[in-house]
Amino acid sequence: MNKAEFDFHAELNDFLPSEKKGQAVTYLFQGRPGIKDPIEAIGIPHPEVAAIVVNGRSVGFDYQLNNGDQVSAYPTSDIVDIAPLIALREKPRRHAAFIVDVNLGKLARRLRLCGLDTKYCNNYDDRDVADLSVRENRIVLTRDRRLLHLKTIIHGYWVRASDPDSQLKEVLRRFDLTRRILPFHRCIECNGLIRAVNKADVRRQLEPLTRQYYEEFFRCSACNKVYWKGSHYEHMLSHLTHLLGKI
Ligand SMILES: [Zn+2]
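Residue numbers (this note's numbering): 6 to 252.
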């Protein structure tokens, strides 16, 4: 039986049982498995790993494990300073477009409120999420770490926090998005783009008081929902500002 030793850095430890966090993990194997297999067998979803160093040298997912290898795996937040550093995957072609798993509906609405391109549907199954992620080059956000073990998923992140506001902060921080926030850019309900419209065009959709007090209106180009900067908007913005102040 062959043996290799694995060190998981920073938040990759979140996937290890408490007694193994921060400890070297010994992995026994036969033959020469691809490096992705032991990492996944130990419980780390491959999209969470940003760099792998074996015996002091950066390797890709095509590396095959040898007896006696010393392996270190790093997340994005803790990229190792080693040259040449081999990237495990290409960067997403588009900056931060997300596909959000069914268990994160409240996070999806918050991301849309921030103007971030976020697909979500409460009846997607794992395959739908994985397919959309690949086809539309979207980053999978999930609370279900098993989902990230699917081979087809290239870009993905396991959301640690359980409360939706903390989840939003976590994702904004993880993908460095605080300067890309554009409120009133995307529809909270459907992710469609929101555009300014003339009051006359939406007059019939408005309640009498809204019609009386507001002049500036926006409409979702996909589902036609009408938005205006009323007290609800002010409330959402101040909530967001408060949250972002704490990032
Ligand atoms: Zn819409």
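Just so you know, even glycine gets a beta-carbon here, dropped at the ideal spot from N, CA and C. In this text the structure is predicted, and so the values were computed from the model without any measurement.
Exposure of residue i, with buried meaning 16 or more beta-carbon neighbours within 10 Å
i, result
"ALA55", "buried"
"PRO80", "buried"
"PRO253", "This structure leaves residue 253 out entirely; the chain is present only between 6 and 252."
"PRO50", "buried"
"GLY73", "exposed"
"LYS41", "buried"
"TYR32", "buried"
"ASN196", "buried"
"PRO52", "buried"
"ARG224", "buried"
"ARG165", "exposed"
"ARG143", "buried"
"LEU152", "buried"
"LEU198", "exposed"
"LEU214", "exposed"
Any non-hydrogen atom of ligand 2 closer than 6 Å to residue i Cβ
i, result
"LYS124", "Ligand 2 is not part of this structure, which contains only ligand 1."
Cβ shell of residue i (< 7 Å), same chain only, five flanking positions each side left out
i, result
"TYR125", "VAL105, GLY110, ALA113"
"LEU70", "ALA9, PHE34, ARG37, PRO38, ILE40, PRO43"
"LEU242", "PRO188"
"ASP149", "ASP106, ASN108"
"THR123", "PHE103, VAL105, ALA113, LEU116, ARG117, ASN196"
Proximity winner among the options, relative to residue i (alpha-carbon distances)
i, options, result
"LEU245", "ARG200, ALA101, PRO169, VAL76", "PRO169"
"HIS14", "LYS26, LEU121, LYS156, PRO22", "LYS26"
"VAL202", "TYR32, GLN35, TRP233", "TRP233"
"ALA88", "HIS154, CYS119, SER167, ARG62", "ARG62"
"SER77", "ASP12, GLU194, ARG224, GLU221", "ASP12"
"ARG200", "GLU221, ASN128, LEU211", "GLU221"
"SER226", "VAL164, HIS190, ASP83", "HIS190"
"CYS192", "ILE47, ARG117, GLU24", "ARG117"
"ARG140", "HIS160, ALA166, LEU242", "HIS160"
"GLY65", "ASN108, ILE91, ALA205, CYS228", "ILE91"
"ASP19", "ARG178, ARG216, TYR162", "TYR162"
"GLY235", "GLN217, ILE47, GLU24", "GLN217"
"PHE180", "LYS96, VAL30, GLU239, HIS240", "LYS96"
"LEU248", "GLN210, ARG178, TYR129, LEU211", "ARG178"
Beta-carbon proximity list for residue i, same chain, < 8 Å, skipping 5 on both sides
i, result
"ARG115", "PRO169, ASP170, GLN172, LEU173"
"ASP133", "CYS126"
"LEU182", "ALA101, CYS119, LEU121, VAL176"
"LEU155", "ASP131, ALA135"
"LEU17", "ILE49, GLU53, VAL54, ALA78, TYR79, PRO80"
6 Å CB neighbourhood of residue i in its chain, flanking five on each side removed
i, result
"SER138", "ILE104, VAL145, ILE158"
"MET6", "LEU33"
"LEU187", "GLY120"
"GLN28", "none"
7 Å Cβ cutoff, residue i in contact with chain C
i, result
"LEU198", "Of the chains in the structure shown, none is chain C; there is only one protein chain."
Integer-rounded CB distance, given that residue j should sit under 8 Å from residue i
i, j, result
"VAL59", "TYR68", "6 Å"
Inset, instruction - Can you list the residues near ligand 1, meaning Cβ strictly closer than 6 Å to any non-hydrogen atom, in the order they appear in the chain? - result: Sorted by position in the chain, CYS192, GLU194, CYS195, GLY197, CYS225, ALA227, CYS228, LYS230 make up the residues whose C-beta lies under 6 Å from a heavy atom of ligand 1.
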